[in-house]
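Heads up: the protein sequence lines correspond to chains A and B, in order.
The letter at position 72 of the first sequence is residue 72 when you use our numbering, and the numbering goes up by one with no holes.
The letter at position 160 of the second sequence is residue 160 when you use our numbering, and the numbering goes up by one with no holes.
Cβ atoms here follow ideal geometry from the backbone N, Cα and C, with glycine treated the same way.
Here the structure is laid out as structure tokens; the discussion comes afterwards.
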Amino acid sequence: MAMDPRYAVYPFGDAALIVETADEISESSYRRIKGLAEAIAENPPKALIETIPSYRSLLVAYDSLLADYASMEGAILSLISLAEASDEASGASISETVRIPICYKYPHGLDLDEVARHTGLKPGEVVELHSANTYLVYMLGFTPGFPYLGGMSERIATPRRLSPRTKIPGGSVGIADRQTGIYPMESPGGWNIIGRTPLSLFDHTREPPALLKAGNYIRFYPISSDEFDRIASDVGRGAWAPEIEKTRRGEA
Amino acid sequence: MTEILVRSPGLQTTAQDLGRFGYQSMGVPPSGAIDRDALETANLLIGNPRGEACLECVLGGAELECEAPLVFAVCGAPMDLRINGKPAPVYETLRAKAGDVISLGMAERGLCAYIAFAGGLAVDLVLKSRSTYARAGFGGWQGRPLRAGDRIPLRERSMSPLSRFVPEELRPRYSTETTLRAIRSHEVARFEPESVGRFFSEPFSVSPKSDRMGCRLEGPRLVHSRGADIVSAGVQTGTVQVPGDGFPIILRADRQTTGGYTRIAHVIQADLAKLGQLRPGDSVRFLETTVEAAQEAWKKREAAIVGLIREKTDQVSIEGTRYFNVIVNGIAYDVTLREI
């Protein structure tokens, strides 16, 4: 089969292969990773174990007792063609945007003043810029449920703290250089914490356990400390469903 | 319910099975036994399904008290196994009475031993696996390594009177010098060619900073040709990544699901058990192989593991009931025949 020049497929050890896209990291090139992951999920080859999407690659783990490399590569190349054909036919894909409440007030936003000082903005302007954009979840990793997000305004970029904190509460939202992210569970970390969401990003007793998945979009919206407590209590009782908007993206 | 009382957990003892798959896209590591050959062998010796959850004891020192009669087996790194202070054989079906104390001395070589109990550990499935992932506090026994005083429940199972063993000459040999077969990474061109040559020819030493996440190596410093960092991407157990300091890290079961360091090679599936048993101070070399040869080696391992098991007797007859052991399509079954 002729290889689509926009993709490259390589063995990744003897139980996985990796598909890389030729482009630089961007939302539009990420569409290929997401499209292929979806095509594989809808038509899983018999030997498939699972896929791991990332910025510009998709790792495909398979059971080598059920398929050798050549046959797995063939199956994936067919799925690449299928994903490209359906993408071209529809010209767009459905995207989910998850709305995430954040309390930017102290003590949740421990370093909001520091970010304001560094960027020369007022704390309210930092909050406004952080909650104005739509972010793309390129991948989950680092710890279970941790989203790697793209789309933050460069005006609020702030370097990591010189000395990392040993304990950051789960749900904390941070900025490190030009990235923003959410700590799913209590962990050490050096990001500047500007707020906290009462939502649980990862819960091993839930199916699926992660609130987000690679390819989702998210939007943050500010809430008061009282709303934080109310939502946290609803989340604790399992009585909170996040708001998800479905939109078509990529239409000309 | 049958329980075992943990008198001492030793250095680190956790419940592990073959791992947690299907959640890596959400950042959940596979976890599971770092030597699945030893885990599967221990299960086969007592008639459990091959992937049943066992106790993984790192470097030994564990002491367990049986609160009811039970059948068990110990495989993996050689440790001084004793029942009530008397030496007992590893790689063999063993029986303990209520009140018996099973103890493991420190491993002479290798890193971990597995204790399989007939019936398996009665710990809950979390995301389809009984493996402990201590870093996030879930799976296994309360999401953490065992502590003195814990009572671990076992699932009830009718006990087969059959006794099995693995002959001495078929048991894995743990050495302080190990060779791991590895496949070149597609990112190998991001290293100086001379460094790739050194990686596949010179010995490395296992660093004391190694754990269930990764085996860190010291030795020749590998040189990147285009920087150490890549755009974060998925990884596998056995992936060898090289951070900016030039010293390789081989990823083990509790690894993260993605990584941002350049990959030089991948240890093959058939050698992951050996990787799991590497301990600080061991010497390790990498031997280059191909995907085809590696997949062939994994097929052979799959066929060989059931073949390790021998019956002390092919059939046992007790009070009119006859017991057989039958292997069909690689799965061992206890068969009980009773006259009616």
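Exercise. Classify Tyr221 (chain A) as buried or exposed, calling it buried when 16 or more other Cβ atoms lie within 10 Å of its own Cβ.
Key: It is exposed - the Cβ of Tyr221 (chain A) has fewer than 16 other Cβ atoms within 10 Å.
Practice problem: Closer than 8 angstroms by C-beta to Val242 (chain B): which residues in its own chain qualify, once you throw out the five before and the five after it? Chain order, please. | Solution: For Val242 (chain B), where only same-chain residues beyond five positions count, the Cβ hits under 8 angstroms are Phe191, Leu222, His224, Ala228, Pro248, Ile249, Tyr261, Thr262, Arg263 and Ile264.
Quiz item: Can you list the beta strand (DSSP E) stretches of 3 or more residues lying completely in the segment 134-177 of chain A, in chain order?
Solution: Taking only runs of at least 3 residues, the beta strand (DSSP E) segments lying wholly in the segment 134-177 of chain A are 135-140, 147-150, 165-168 and 172-176.
Practice problem: Give me the Cα-Cα distance between Asn133 (chain A) and Ser153 (chain A), rounded to the nearest whole angstrom. | Solution: Taken atom to atom, the span from the alpha-carbon of Asn133 (chain A) to that of Ser153 (chain A) is near 7 angstroms.
Quiz item: By Cβ distance below 7 angstroms, which residues in the same chain neighbour Ser207 (chain B) in space, the five residues on each side in sequence not counted?
Solution: Same-chain partners within the cutoff: Arg216, Leu217, Glu218 and Pro280.
Exercise. Give the DSSP bridge partners of Arg252 (chain B), in chain order.
Key: Arg252 (chain B) is not bridged to any residue.
Quiz item: Counting Cβ pairs, one atom from each stretch, are 3 or more of them under 8 angstroms apart for the segment 97-105 of chain B and the segment 138-151 of chain B?
Solution: They do not touch, by the three-pair rule.
Quiz item: Helix, strand or coil: which one does DSSP assign to Gln12 (chain B)?
Solution: For Gln12 (chain B), the three-state secondary structure derived from DSSP is strand.
Quiz item: Rounded to a whole number of angstroms, what is the C-alpha to C-alpha distance between Ser131 (chain A) and Ile80 (chain A)?
Solution: Those two C-alpha atoms are separated by around 35 angstroms.
Quiz item: In angstroms, rounded to a whole number, what distance separates the CA positions of Ser129 (chain B) and Gly32 (chain B)?
Solution: Cα to Cα, the separation comes out at about 8 angstroms.
Quiz item: Using 9 angstroms as the limit for Cβ to Cβ distance, is Met185 (chain A) near chain B?
Solution: It does; some Cβ of chain B falls within 9 angstroms.
Quiz item: Which residues in the same chain as Asp271 (chain B) place their Cβ atom closer than 7 angstroms to its Cβ, once the five residues preceding and following it in sequence are excluded?
Solution: So the qualifying residues of the chain are Leu180 and Arg181.
Quiz item: Does DSSP classify Thr119 (chain A) as helix, strand or coil?
Solution: In the structure shown, Thr119 (chain A) sits in a helix (DSSP, three-state: H, G or I).
Quiz item: With a cut-off of 9 angstroms, does the C-beta of Trp298 (chain B) fall near any C-beta of chain A?
Solution: Nearest CB-CB separation between Trp298 (chain B) and chain A: below the 9 angstroms threshold.
Quiz item: Does any heavy atom of the ligand ATP sit closer than 8 angstroms to the C-beta of Leu136 (chain A)?
Solution: Looking for the ligand ATP in the displayed structure turns up nothing, as the structure carries no ligands at all.
Self-check item: Buried versus exposed, by CB contacts within 10 Å (16 or more), Ile94 (chain A)
Solution: Around the C-beta of Ile94 (chain A), fewer than 16 other C-beta atoms lie within 10 Å, and the residue is accordingly described as exposed.
Quiz item: If you measure from the beta carbon of Asp14 (chain A) to each beta carbon in chain B, is any gap under 9 angstroms?
Solution: Answer yes: the Cβ-Cβ gap between Asp14 (chain A) and chain B drops below 9 angstroms somewhere.
Quiz item: Leaving out the 5 sequence neighbours to the left and right, which residues in its chain are closer than 6 angstroms to Ile95 (chain B) when beta-carbon positions are compared?
Solution: Inspection of the sequence shows that residue 95 (chain B) is occupied by Arg rather than by Ile. Correct list, in chain order: Val71.
Practice problem: For Tyr133 (chain B), write down the residues that DSSP places opposite it in a beta bridge. | Solution: Bridge partners of Tyr133 (chain B): B:Phe138.
Self-check item: Proximity to Ile25 (chain A) [Cα-Cα], best of A:Ala15, A:Arg56 and A:Arg99
Solution: Closest by alpha carbon: A:Arg56.
Exercise. Return helix, strand or coil for Asp245 (chain B), following the three-state DSSP convention.
Key: In this structure, Asp245 (chain B) counts as coil in the three-state DSSP scheme.
Quiz item: Going by alpha carbons, who is nearest to Pro198 (chain A) out of A:Gly215, A:Arg206, A:Ile223 and A:Gln179?
Solution: Of the candidates A:Gly215, A:Arg206, A:Ile223 and A:Gln179, the one whose C-alpha sits nearest the C-alpha of Pro198 (chain A) is A:Ile223.
Practice problem: Spatial neighbours of Thr143 (chain A) within its chain, please: CB distance less than 7 angstroms, with the 5 preceding and 5 following residues excluded, ordered by chain position. | Solution: The residues are Pro184, Met185 and Ser187.
Practice problem: Answer with yes or no whether the minimum CB distance from Gly139 (chain B) to chain A is below 9 angstroms. | Solution: Using a Cβ-Cβ cut-off of 9 angstroms, Gly139 (chain B) counts as an interface residue toward chain A, since at least one Cβ of chain A sits closer than that to its own.
Exercise. Just mark Met79 (chain B) as buried or exposed, buried being the case when its beta carbon has 16 or more other beta carbons within 10 Å.
Key: Within a 10 Å sphere around the beta-carbon of Met79 (chain B) sit 16 or more other beta-carbons, which makes this residue buried.
Practice problem: Only counting runs of 3 or more residues, tell me where the beta strand (DSSP E) segments fall wholly within the segment 31-112 of chain A, in order along the chain. | Solution: DSSP runs (the beta strand (DSSP E)) wholly in the segment 31-112 of chain A: 48-53, 57-62 and 93-102.
Quiz prompt | Ile52 (chain A) versus Thr258 (chain B): straight-line alpha-carbon distance, rounded | solution = Just so you know, the alpha carbons of Ile52 (chain A) and Thr258 (chain B) end up roughly 8 angstroms apart.
Exercise. Using a Cβ-Cβ cut-off of 9 angstroms, state whether Leu127 (chain B) counts as contacting chain A.
Key: Chain A contact via Cβ: present.
Quiz item: chain B partners of Asp68 (chain A), CB-CB under 7 angstroms?
Solution: Residues of chain B whose Cβ lies closer than 7 angstroms to the Cβ of Asp68 (chain A) are, in chain order, Gln295.
Quiz item: Between Leu92 (chain B) and Ala116 (chain B), is the Cβ-Cβ spacing less than 9 angstroms?
Solution: Looking at the sequence itself, residue 92 (chain B) is Glu, so the reference to Leu does not match. Between Glu92 (chain B) and Ala116 (chain B), the C-beta spacing is not below 9 angstroms.
Practice problem: Spell out whether any CB of chain B is found under 9 angstroms from the CB atom of Glu154 (chain A). | Solution: Residue contact check for Glu154 (chain A) against chain B: no CB pair falls below 9 angstroms.
Practice problem: Inspect the CB distances between the segment 230-248 of chain A and the segment 198-211 of chain A and report whether three or more fall short of 8 angstroms. | Solution: The way I'd put it, the segment 230-248 of chain A does touch the segment 198-211 of chain A; three or more beta-carbon pairs between them come closer than 8 angstroms.
Practice problem: Could you check how far apart the C-beta atoms of Gly190 (chain A) and Arg160 (chain A) are, in whole angstroms? I think they sit under 8 angstroms. | Solution: Rounded, the Cβ-Cβ distance is 4 angstroms, consistent with contact.
Quiz item: Taking just the CA atoms, how far does Phe21 (chain B) sit from Ser64 (chain A)?
Solution: Rounded to the nearest whole angstrom, the CA to CA distance from Ser64 (chain A) to Phe21 (chain B) is 15 angstroms.
Self-check item: Cβ-based neighbour list, Val235 (chain B), same chain, cut-off 8 angstroms, excluding 5 preceding and 5 following
Solution: Excluding residues within five positions, the ones whose Cβ falls inside 8 angstroms are Gln241, Leu251, Arg255, Gln256, Thr257, Thr258, Gly259 and Arg263.
Practice problem: Anything in the segment 218-238 of chain B with a Cβ closer than 8 angstroms to a Cβ of chain A? List those residues in chain order, please. | Solution: Of all residues in the segment 218-238 of chain B, Val231, Ser232, Ala233, Gly234, Val235, Gln236 and Gly238 have a Cβ within less than 8 angstroms of some Cβ in chain A.
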